[in-house]
Amino acid sequence: MIDGFIALYIFMLAAFTGYEVIARVPVILHTPLMSGSNFVHGIVLVGAMVALGRAGTTVELVIGFLGVVLAAGNAVGGYVVTERMLEMFKASGDRQRKTRPGA
Amino acid sequence: MTDLLSADGRDTLIQATYFAAALLFIVGLKRMSSPITARRGIVWAGVGMLVATLVTFASPQMHNYVLMTAAIAIGGGAAWVSGKRVAMTNMPQMIALYNGMGGGAAAAIAAVELLGGKAHGTTTTLLAVTGALIGCVSFSGSMIAFGKLQGLIERSFRFRGQNAVNALVLAVAVAGGAWLVVASGDDVSRPVAIFFGCALAFGVLMTLPIGGADMPVVISLYNALTGLAVAFEGFVLDNAAMIIAGTVVGAAGTLLTQLMAKAMNRSLGNVLFSGFGESAAAGGTTTGALKPIEASDVGVMMGFADRVIIVPGYGMAVAQAQHKVWELTQLLLDRGVQVKFAIHPVAGRMPGHMNVLLAEAGVPYDLIHDLEEINAEFEKTDVALVIGANDVVNPSARNDKSSPIYGMPILNVDRARNVIVIKRGQGRGFSGIENALFYLDNTRMLYGDGQAAVAQLIAAVKAL
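Respectively, the protein sequence lines represent chains L and E.
Read left to right, the first sequence gives residues 67 to 169 (this note's numbering).
Read left to right, the second sequence gives residues 20 to 483 (this note's numbering).
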């Protein structure tokens, strides 16, 4: 379905999109942003599912299974930590909450 | 209207969902460019991921649904629990871990497709192999980075001719990959084993010699590499969502990697292939003496100051001092002292590491400033409090051409009227360079564990 030059066009446009979207991100968001993009490449999960779904031999099944385990870890873990970090960023206006003890 | 149960209808539904997912990813990332909308951004991307995953179950010619569901439950469950529990100080290694898993998944896709002879034609095989190589390096390299950050691997491994050995392993991997491209159709289990074995080994070898302070560069590089690997496997599987998401991440990660390398005034090649620190123990000579100070005196200085800038570094993370730092900041703010935080781009072990820790403690983000915003303000500052930062505040980077870190952009802490450095002992920074800042006339050393020292400062300010 995605042939030769079409694929190249997609690649080129997506690369510029990625660059432009990130270029103006403030430094304070670098970590959540990195972990957010880490989550986004968790889309590899859909590919891993397809690979496992079409695997035939035992070796393929084992590798495919591992692939889905890893991909699911990438997607879920990436989401959880990004969400946790972004939830913490607060402006001075909402500084009613006092320091959490210890931790 | 197409019947959703027919093969064509299902395909349309899947493609439409992937399109929507790709759109949600880009919008989500875009929203992450402001602290106000960032939270919603990740939720949007999450919705995209969820629907894309669900609709994939309806892909044609699929089997092994039980295995698939079990694998998602195992991987997703383990990641959910670990992600919820991990302390903010350990975030860099968790991100390295999840990122490596993505690279490993991309490599696994390639392995299944190559072994099953499903990657047809030279172009497709070439893309599968390239993606697998990148994915393997990202996987095993990230695991080593995880081990180092977690403290499982204590030292950096270096030996004579290391770069030659690495190049050889890479060459064998590439040769194995070329064999796979040529041999498509035959029994490929042997080249697959050689190729994947060497690719994984290369990731390990490449990452072992890299020191902890270079981790911000390495982690963002592997993030970019995983993105690219996913994009390549997307071409193999004809999956536009993977191509777009992977490429966007690849480009974004590349930009971030460049920013990190620039903040250290080093090229990416220098970070990856040269043993920094080992050879750099010399550096310029320093004159003067280290001048210790008592916490009570610092408390007076800060309590009666007009402007204070706090400069945290990795040492603050190690000492878990961020909560105490915020407590001290609140006391000072209540006394009418203007307090700001100055963050160097490569402070800590990943990009933005300090920001996350301060945010965790409750520090509002508008008090936090990066190097370019705040550097001019040090001259008007009464007290600059350096806690756990070293090389990023070393004025040798600005004025000593013989220093190994000469040219690296630094925070101009030395220009503040008074500089207080909280430091555990008299050791040197990761680069092994003496810090000229510590010997300046306006600098005083407050020795002790970061958390304990700040606790003393809190007591001192309270006593005023």
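From the three backbone atoms N, C-alpha and C, an ideal C-beta is built for every residue, glycine too.
Rounded C-alpha distance that separates V148 (chain E) from A114 (chain L):
Numbered from its first residue, the second sequence carries residue 148 (chain E) at position 129. Numbered from its first residue, the first sequence carries residue 114 (chain L) at position 48. For V148 (chain E) and A114 (chain L), the distance between alpha carbons rounds to 16 Å.
Given Q339 (chain E) as reference, the closest of E:A474, E:M162 and E:A124 once Cα atoms are compared:
Counted from its first residue, the second sequence places residue 339 (chain E) at position 320. Closest by alpha carbon: E:A474.
By how many angstroms is the C-alpha of L390 (chain E) removed from the C-alpha of M427 (chain E)?
For the purposes of this step, residue 427 (chain E) is taken as the residue at position 408 of the second sequence. For the purposes of this step, residue 390 (chain E) is taken as the residue at position 371 of the second sequence. Distance between the alpha carbons of M427 (chain E) and L390 (chain E) is about 12 Å.
Only counting the same chain, and skipping five residues up and downstream in sequence, which positions put a Cβ closer than 6 Å to that of M162 (chain E)?
Indexing the second sequence from 1 puts residue 162 (chain E) at position 143. Taken in chain order, the residues that qualify are G119.
Any 3 or more C-beta pairs closer than 8 Å across the segment 93–111 of chain E and the segment 219–226 of chain E:
no
Cβ-based burial, S53 (chain E) [other Cβ within 10 Å; buried from 16]
Walking along the second sequence from the start, residue 53 (chain E) turns up at place 34. Exposed.
Hey, is I477 (chain E)'s beta-carbon within less than 8 Å of any beta-carbon in chain L?
By one-based count along the second sequence, residue 477 (chain E) stands at place 458. Answer no: the Cβ-Cβ gap between I477 (chain E) and chain L never drops below 8 Å.
Could you tell me which of E:E313, E:E453 and E:V480 sits nearest to S421 (chain E), measuring between CA atoms?
One-based indexing of the second sequence puts residue 421 (chain E) at position 402. The option with the nearest alpha carbon to S421 (chain E) is E:E453.
Leaving out the 5 sequence neighbours to the left and right, which residues in its chain are closer than 7 Å to K442 (chain E) when beta-carbon positions are compared?
As a position in the second sequence, residue 442 (chain E) is number 423, starting the count at 1. Excluding sequence neighbours, K442 (chain E) sits near M464 and Y466.
Range of the contiguous alpha helix (DSSP H) that encloses Q357 (chain E):
Residue mapping note: residue 357 (chain E) aligns to position 338 of the second sequence, counting from 1. Run containing Q357 (chain E): none in the alpha helix (DSSP H); it sits in the beta strand (DSSP E), Q357 to I362.
Kindly say whether K281 (chain E), judged by its beta-carbon, lies nearer than 8 Å to any beta-carbon of chain L.
Looking up residue 281 (chain E) in the second sequence gives position 262. Answer no: the Cβ-Cβ gap between K281 (chain E) and chain L never drops below 8 Å.
For A115 (chain E) and S315 (chain E), the rounded distance between their alpha carbons:
In the second sequence, counting from the first residue as 1, residue 315 (chain E) sits at position 296. In the second sequence, counting from the first residue as 1, residue 115 (chain E) sits at position 96. Roughly 41 Å separates the two Cα atoms.
What residues of chain E sit near T124 (chain L), judged by a beta carbon separation below 8 Å?
For the purposes of this step, residue 124 (chain L) is taken as residue 58 along the first sequence, with counting starting at 1. Simply none; closest approach about 11 Å.
If we call anything under 8 Å between Cβ atoms a contact, is V269 (chain E) one with I262 (chain E)?
Residue numbering aside, residue 269 (chain E) sits at position 250 when the second sequence is read from its first letter. Residue numbering aside, residue 262 (chain E) sits at position 243 when the second sequence is read from its first letter. Contrary to the premise, residue 269 (chain E) reads as Gly rather than Val in this sequence. No.
Per-residue contacts from N242 (chain E) into chain L (C-beta, under 9 Å):
Taking the second sequence and counting its residues from 1, the one referred to as residue 242 (chain E) is at position 223. Near N242 (chain E) (Cβ distances below 9 Å), the residues of chain L are M100, S101, S103, N104 and H107.
Counting only runs of 4+ residues fully inside the segment 355–425 of chain E, write out the alpha helix (DSSP H) ranges in chain order.
372–380, 390–393 and 415–418
Opposite P311 (chain E) in the DSSP bridges: which residues?
Within the second sequence, residue 311 (chain E) is the residue found at index 292, counting from 1. Looking at the DSSP assignment, P311 (chain E) forms a beta bridge with E:M464.
With 8 Å set as the bound, which would you pick, yes or no: does the beta-carbon of F71 (chain L) sit closer than that to a beta-carbon of chain E?
Position 5 of the first sequence holds residue 71 (chain L). Not one chain E Cβ lies under 8 Å of F71 (chain L).
Is there at least one Cβ from chain E nearer than 8 Å to Y85 (chain L)'s Cβ?
As a first step, residue 85 (chain L) is located in the first sequence; it is residue number 19 there, counting from the start. Cβ-Cβ to chain E under 8 Å: yes for Y85 (chain L).
Determine, using beta carbons only, whether Y75 (chain L) comes closer than 8 Å to chain E.
Residue mapping note: residue 75 (chain L) aligns to position 9 of the first sequence, counting from 1. No, Y75 (chain L) lies away from the interface with chain E (no Cβ there is under 8 Å from its Cβ).
Near E346 (chain E), what residues of its chain come up, given a Cβ to Cβ distance below 7 Å and the 5 sequence neighbours on each side ignored?
In the second sequence, counting from the first residue as 1, residue 346 (chain E) sits at position 327. These residues qualify, in order along the chain: I477.
For a contact defined as C-beta to C-beta under 7 Å, what are the partners of I387 (chain E) on chain L?
Here residue 387 (chain E) is taken as the residue at index 368 of the second sequence, counted from 1. Neighbours of I387 (chain E) on chain L, chain order: I94.
Rounded to a whole number of angstroms, what is the C-alpha to C-alpha distance between G122 (chain L) and P370 (chain E)?
Along the first sequence, one-based indexing puts residue 122 (chain L) at 56. Along the second sequence, one-based indexing puts residue 370 (chain E) at 351. Distance between the alpha carbons of G122 (chain L) and P370 (chain E): 42 Å.
K442 (chain E) - partner residues in DSSP beta bridges:
Within the second sequence, residue 442 (chain E) is the residue found at index 423, counting from 1. Looking at the DSSP assignment, K442 (chain E) forms a beta bridge with E:Y466.
Would P210 (chain E) pass as a contact of S175 (chain E) if the rule is Cβ separation under 8 Å?
Counting from one through the second sequence, the residue named residue 210 (chain E) turns up at place 191. Counting from one through the second sequence, the residue named residue 175 (chain E) turns up at place 156. Not closer than 8 Å, so no.
For V106 (chain L), report the span of its beta strand (DSSP E) as first-last.
Here the question's residue 106 (chain L) lines up with position 40 in the first sequence. Run containing V106 (chain L): none in the beta strand (DSSP E); it sits in the alpha helix (DSSP H), H96 to V106.
Taking the straight line between their C-alpha atoms, what separation do you get for R434 (chain E) and V317 (chain E)?
If you number the second sequence from 1, residue 434 (chain E) lands on position 415. If you number the second sequence from 1, residue 317 (chain E) lands on position 298. Computed Cα separation, rounded: 18 Å.
Buried versus exposed call for Y75 (chain L) [16 or more other C-beta atoms within 10 Å across all chains shown]:
One-based indexing of the first sequence puts residue 75 (chain L) at position 9. With fewer than 16 other Cβ atoms within 10 Å, it is exposed.
In chain L, which residues lie less than 8 Å from F214 (chain E) when you measure between Cβ atoms?
Along the second sequence, read from residue 1 onward, the residue named residue 214 (chain E) stands at position 195. Result: empty, since nearest Cβ-Cβ is about 13 Å, beyond 8 Å.
Consult DSSP for P210 (chain E) and reduce its assignment to one of helix, strand or coil.
Locating residue 210 (chain E) in the second sequence gives position 191, where the first residue counts as 1. It is helical.
Would you say T143 (chain E) faces chain L, with C-beta separation under 8 Å as the test?
One-based indexing of the second sequence puts residue 143 (chain E) at position 124. False, the Cβ-Cβ gap to chain L never drops below 8 Å.
A130 (chain E) burial status per 10 Å Cβ neighbour count (16 or more: buried)
Translated into positions along the second sequence, residue 130 (chain E) becomes position 111. That one is buried.
Do we get a CB-CB distance below 8 Å when we pair N109 (chain E) with the residues of chain L?
Locating residue 109 (chain E) in the second sequence gives position 90, where the first residue counts as 1. No, N109 (chain E) lies away from the interface with chain L (no Cβ there is under 8 Å from its Cβ).
Cβ shell of G154 (chain E) (< 6 Å), same chain only, five flanking positions each side left out
The count along the second sequence starts at 1 and reaches residue 154 (chain E) at position 135. Excluding residues within five positions, the ones whose Cβ falls inside 6 Å are G122, A125, A126 and A248.
Mapping DSSP to helix, strand and coil, what is P111 (chain E)?
Start at 1 with the first residue of the second sequence, and residue 111 (chain E) comes out as number 92. Three-state DSSP puts P111 (chain E) in a helix.
Going by DSSP, what residues sit across from N437 (chain E) in a beta bridge?
The count along the second sequence starts at 1 and reaches residue 437 (chain E) at position 418. According to DSSP, which records beta bridges pairwise, N437 (chain E) is partnered with E:V402.
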